[in-house]
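The sequence shown maps to residues 4 to 93 in the numbering used here.
Just below is one structure, and these are the notes that go with it.
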Amino acid sequence: MIIKRMKASFGKLNNEELRLDGGLNIINQPNEAGKSTWCAFIRIMLYGLNTSERDKAGFLSDKTKYRPWGAYPMEGLMDIVWKGKEITLI
Numbered sequence: 004m005i006i007k008r009m010k011a012s013f014g015k016l017n018n019e020e021l022r023l024d025g026g027l028n029i030i031n032q033p034n035e036a037g038k039s040t041w042c043a044f045i046r047i048m049l050y051g052l053n054t055s056e057r058d059k060a061g062f063l064s065d066k067t068k069y070r071p072w073g074a075y076p077m078e079g080l081m082d083i084v085w086k087g088k089e090i091t092l093i
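So, in structure tokens, the structure goes:
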């Protein structure tokens, strides 16, 4: 699977887009720029968001942790190439 492009309203990502080129892509940004948020976005797009998980003392569920900071709903898309076919995950 090759990830080509992602667009997300997810946590601090406010309808932002990230395009990836072929080969190794290195995101060199300062702390709090959203690198870990993009990683969490990929995980949730591929494996889903556990909506039954609840906040506990000292622990925030992904649903709470990655709630968009703005007035936007949590949403996103991922353009991938899988087995030679271009697919958009929504």
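Just so it is clear, CB atoms sit at the ideal spot from N, CA and C, and this is done for glycine as well.
Taking buried to mean at least 16 other C-beta atoms within 10 Å of its own C-beta, is TRP41 buried or exposed?
Around the CB of TRP41, 16 or more other CB atoms lie within 10 Å, so the residue is classed as buried.
Go ahead and label PHE44 buried or exposed: buried means 16 or more other beta carbons lie within 10 angstroms of its beta carbon, across all protein chains shown.
buried
Going by beta carbon distance, what residues of the same chain come within less than 6 Å of ILE93, once the five residues before and after it are set aside?
LEU80
Just the C-alpha distance for TRP94 and ALA11, rounded to the nearest angstrom, thanks.
Nothing about residue 94 can be read from this structure; the chain reaches only from 4 to 93.
Local conformation of ASP65 per DSSP, three classes:
helix
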